[in-house]
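Under UniProt numbering, the residues of the sequence shown are numbered 1 to 229, in order.
Below is one structure, written out as structure tokens; the observations come after it.
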Amino acid sequence: MKNEFDKTTKLRFSNPNDPSFIRFGTVRDRDLEYNIRSGQLKLPGNEVATLFAPSVEAIIAAMEEQRRVATQPISHVFLVGGFGASDWLFSRLKEHLDPLGLQFCRPDGHTNKAVARGAVTFYLDHRVSARVAKFTYGTRCAVEFDRNDEEHLRRAGSAIPRPSGRTVIPNAFSAILHKGIAVSETKEFRKDFIVECAERNTCDTIATEIVCYRGNSPNPRWADSEPGR
């Protein structure tokens with residue numbers, strides 16, 4: 001019965017005023033007490049609608065969250081996947097999206113194919129000429145001590161002498177890609193750094209981490225000034 005509901009009843013349901021039927025067994029199966037006639041269980045439309053309600057609410061909540069975090073206004077919404085074939089689901093979502101001025105679309109065929117999601121994503125991915133960085137990316141480093149910089153003076157107690165004779169302040173953050181910058185698929189971002197070593201063999205392999213800054217500062221300077229950001 002579960003499989004039959006999933007394959008037919010769920011997709012055909014479109015009106016809470018009309019009953020839905022789940023076929024099982026044979027035409028000889030009959031139990032009027034439970035609304036079973038000729039091998040079919042009859043369900044009131046309003047009860048079927050309550051089964052859909054949690055999914056509809058979850059989908060609407062997910063769409064609103066996507067709209068909230070999007071860096072650009074969303075204009076189109078596509079409904080794909082097996083559940084997307086449901087006319088009831090489509091109508092309920094359309095009721096929510098139409099007043100918002102959003103174009104709500106559903107493919108004409110093969111909506112029950114899981115590959116539809118991947119196909120749409122793949123197509124759109126290669127139609128996007130550039131993406132805007134949502135956060136600032138960079139790396140932790142040390143910067144040369146500057147007596148004219150108030151931030152450096154406040155951190156003078158952590159200054160470290162280097163083999164070259166320079167004095168540096170650790171825990172600095174050097175941005176490589178700033179938030180809000182458009183990034184194309186082939187665009188490269190780079191920045192030069194210097195590594196100082198007391199022994200040459202320690203420079204055979206050099207690796208560093210790219211750090212994501214999620215705070216609000218347009219020009220973050222220190223890796224330890226906003227823990228968790």
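Ideal placement from N, C-alpha and C gives every residue a C-beta, glycine not left out.
> Out of curiosity, what's the CA-to-CA distance linking K2 and K10?
Replying inline: Within the sequence shown, the letter at position 2 stands for residue 2. Within the sequence shown, the letter at position 10 stands for residue 10. Near 10 Å, if we compare the C-alpha coordinates of K10 and K2.
> Who are the Cβ neighbours of I60 in its own chain at under 6 Å, not counting the five residues just before and after it?
Replying inline: Translated into the one-based positions of the sequence shown, residue 60 becomes position 60. Cβ within range, chain order: H96.
> I think D31 touches G39, with their Cβ atoms under 8 Å apart; what is that distance to the nearest whole Å?
Replying inline: Sequence index remark: in the sequence shown, residue 31 carries index 31 (1-based). Sequence index remark: in the sequence shown, residue 39 carries index 39 (1-based). The pair is not a contact, with the Cβ atoms about 11 Å apart (cut-off 8 Å).
> When the Cβ atoms of the region 214 to 224 are set against those of the region 186 to 201, are three or more pairs found closer than 8 Å?
Replying inline: Segments in contact, no.
> Quick one: what's K179 bridged to in DSSP?
Replying inline: Position 179 of the sequence shown, counted from the first residue, corresponds to residue 179. Answer is none; K179 lacks a bridge partner.
> Touching or not, the region 37 to 55 and the region 70 to 77, by the rule of three or more beta carbon pairs under 8 Å?
Replying inline: Result no; under three Cβ-Cβ pairs closer than 8 Å.
>> Across the region 11 to 18 and the region 83 to 92, are there enough close Cβ pairs to call them in contact, namely three or more that are closer than 8 Å?
In response: In short, these stretches touch, since the Cβ pair count reaches three.
>> Along the chain, where does the alpha helix (DSSP H) containing L32 start, and where does it finish?
In response: The residue labelled residue 32 in the question sits at position 32 within the sequence shown. No alpha helix (DSSP H) contains L32, which DSSP labels as neither H nor E.
> So, F135 versus V168, is the Cβ gap smaller than 8 Å?
Replying inline: Indexing the sequence shown from 1 puts residue 135 at position 135. Indexing the sequence shown from 1 puts residue 168 at position 168. V168 sits away from F135, with the two beta carbons spaced by 8 Å or more.
> Smallest Cα separation from A85: which of Q66, D98 and C105?
Replying inline: Here the question's residue 85 lines up with position 85 in the sequence shown. Nearest C-alpha to A85 among Q66, D98 and C105: C105.
> Can you tell me whether DSSP reads I60 as helix, strand or coil?
Replying inline: Mapped onto the sequence shown, residue 60 falls at position 60. In the structure shown, I60 adopts helical secondary structure according to DSSP, grouped into three states.
> Distance, Cα to Cα, I194 vs R162?
Replying inline: Working through the sequence shown from its first residue, we reach residue 194 at position 194. Working through the sequence shown from its first residue, we reach residue 162 at position 162. Cα to Cα, the separation comes out at about 12 Å.
>> Restricting to Cα atoms, I'd like to know which of A49, I176 and V27 is closest to C141.
In response: Taking the sequence shown and counting its residues from 1, the one referred to as residue 141 is at position 141. Looking at the Cα atoms, I176 is the closest of the given residues.
> So, are the CB atoms of I74 and L102 less than 8 Å apart?
Replying inline: The residue you call residue 74 lines up with position 74 of the sequence shown. The residue you call residue 102 lines up with position 102 of the sequence shown. Cβ distance < 8 Å, so I74 and L102 count as in contact.
> Could you check where the beta strand (DSSP E) with K42 kicks off and where it finishes?
Replying inline: Here residue 42 corresponds to residue number 42 of the sequence shown, with the count starting at 1. That run of the beta strand (DSSP E) goes Q40 to L43.
>> Please classify P99 as buried or exposed, where buried requires at least 16 neighbouring CB atoms within 10 angstroms.
In response: In the sequence shown, counting from the first residue as 1, residue 99 sits at position 99. P99 is exposed by the Cβ-count criterion.
>> If contacts are defined as beta-carbon pairs under 8 Å, then R131 and V211 qualify, I think. What distance do you get, rounded to the angstrom?
In response: Taking the first residue of the sequence shown as position 1, residue 131 is located at position 131. Taking the first residue of the sequence shown as position 1, residue 211 is located at position 211. The Cβ separation is near 19 Å, so there is no contact.
> According to DSSP, is residue 230 helix, strand or coil?
Replying inline: The chain is shown from 1 up to 229; residue 230 falls before or after that span and cannot be answered.
> Can you tell me the Cα-Cα spacing of R221 and A172, whole angstroms?
Replying inline: As a working note, residue 221 is residue 221 in the sequence shown. As a working note, residue 172 is residue 172 in the sequence shown. Here the alpha carbons of A172 and R221 stand approximately 6 Å from one another.
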